[in-house]
Amino acid sequence: MKNGPVKGQSLFSSLLEQTEYDFLRTDVHLGRHVILLGLAGSYSYGTENENSDIDIRGVTLNRKSDLIGLTTFEQYVDDHTDTTVYAFRKMITLLLNCNPNTLELLGLNEEHYLYLNDFGRELLNNTGLFLSKRAIQSFGGYADAQLRRLQNALARDSYPQREKEQHIFNSVKNAMYDFGRRYEKFEHGAIRIYTDRAVNPLFETELFVDTTLSHYPLRDYKNIWNEMHNIVRDYDKIGKRNRKKDDNHLNKHAMHLVRLFMMAIDILEKGEVNTYRYQEHDLLLRIRRGEYRKADGTFRDEFYEIVNSYEKKLEAAAAWTDLPDEPDMDRVQDYVMDVNARVVRDEIW
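Just so we're aligned, residue 231 is where the sequence shown starts under the numbering used here, counting upward by one.
See the structure below:
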């Protein structure tokens, strides 16, 4: 890895010269194969504070032996420097699924790219290849996971039962979106989840399921119900936590919940990945500072109104987006084959 042709300079421009990052130059999977390195986490969103760590994410080309030989490589992780570098092939797979943690690497501010060569710039220029309606569930699913963390960490029995039941329903609904891709499709029946007036006398509303299946693989059926069971089980737990230790983490979860909605809406409405949140910067920082928390540690109604507002915006954006249902795999294939062909011909530097 050499010093990449990145426009502009940042406070972090000399970071990679430190000896603790020598692995980027010496590891056989990295070195001249690295095409992109950028800031991740709070610094990339513009929400850092005095306690924020520096995280780095990047992309490295698969070696010739990975492509036409016997070696395999997916990612390099250095815990000491909080650095993760994905192999090009794995990165493409994650991007095709609109994985938020990797897609955000394509939408950084220019000064937050610490290293970027022509291959890396080419990847950024092809961002549009990876944007599809898959972002609705991938970002929505991540946001839902953040909400579940908040609800698990707080004493959720203090929330109205109807509200908790709706959160469970949203979690199950997001999980079911992926079932069709990971398990045998419901060709001879269906599974329907919905809320209705409760049968349980302790509840106001309750989740119900209608199932009609025949000739369905038992193991897939078991896995589906295990996932649903785990979601319900997690919600029914009342987490015991160290309040002093966890408050900062809860505020971060709350901030990321809202930020994920913001990014997803940009993708669906504009076809853009905007990682740094300029317009919403102050709102995100207020959430991170805990300004939407009550004295008892729970979140104020204002916070949930913000979340509900962004949920509705996401639903509207999902209904009107021009993005395709799925990525154009022929175009992605042509791009990936062209990059890998140059690796095989040793046309990298």
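Cβ atoms here follow ideal geometry from the backbone N, Cα and C, with glycine treated the same way.
C-alpha gap between residue i and residue j, whole angstroms
i, j, result
"Val503", "Asp496", "7 Å"
"Glu250", "Phe242", "14 Å"
"Ala428", "Gln391", "11 Å"
"Thr277", "Phe303", "33 Å"
"Asn279", "Tyr316", "27 Å"
"Thr290", "Leu353", "11 Å"
"Arg255", "Leu246", "10 Å"
"Glu414", "Gln367", "19 Å"
"Arg378", "Tyr508", "27 Å"
"Thr311", "Gln248", "11 Å"
"His479", "Thr332", "21 Å"
Closer than 6 Å: residue i CB and nearest the ligand HEM heavy atom
i, result
"Thr256", "The ligand content of the structure shown is nil, which means the ligand HEM is not present either."
Residue i - DSSP class collapsed to helix/strand/coil
i, result
"Glu535", "helix"
"Thr551", "coil"
"Val236", "Note on Val236: pLDDT 47, under 50, position unreliable in the model; the coordinate value appears next. Val236 falls in the coil class under three-state DSSP."
"Ile461", "helix"
"Arg523", "strand"
"Lys475", "With a pLDDT of only 46 at Lys475, under 50, the local geometry of the prediction cannot be trusted, and the value read off the model is given with reservation. Helix, per DSSP."
"Thr314", "strand"
"Val562", "helix"
"Leu544", "helix"
"Trp455", "helix"
"Asp257", "coil"
"Leu333", "helix"
"Ser244", "coil"
"Arg507", "coil"
Identified DSSP bridge partners for residue i
i, result
"Arg427", "Thr435"
"Asp440", "Arg422"
"Thr528", "Answer is none; Thr528 lacks a bridge partner."
"Leu269", "Ile286"
"Tyr413", "Partner(s): none; Tyr413 has no beta bridge."
"Val307", "Thr314"
"Val264", "Thr290"
is_contact[residue i, chain D] using C-beta, thresh 7 Å
i, result
"Asp309", "Note that chain D does not occur in the displayed structure, where there is just one protein chain."
Buried or exposed (CB count within 10 angstroms, at least 16 for buried), residue i
i, result
"Pro557", "buried"
"Ala580", "Outside the displayed span of the chain (231 to 579) sits residue 580, for which this structure offers no information."
"Thr441", "exposed"
"Gly268", "buried"
"Asp374", "buried"
"Gly271", "buried"
"Lys524", "exposed"
"Gly350", "buried"
"Tyr424", "exposed"
"Val258", "exposed"
"Pro330", "buried"
"Leu514", "buried"
"Ile398", "buried"
"Val439", "exposed"
Whole runs of the alpha helix (DSSP H) within the stretch 337-380, excluding any shorter than 4 residues
348-355
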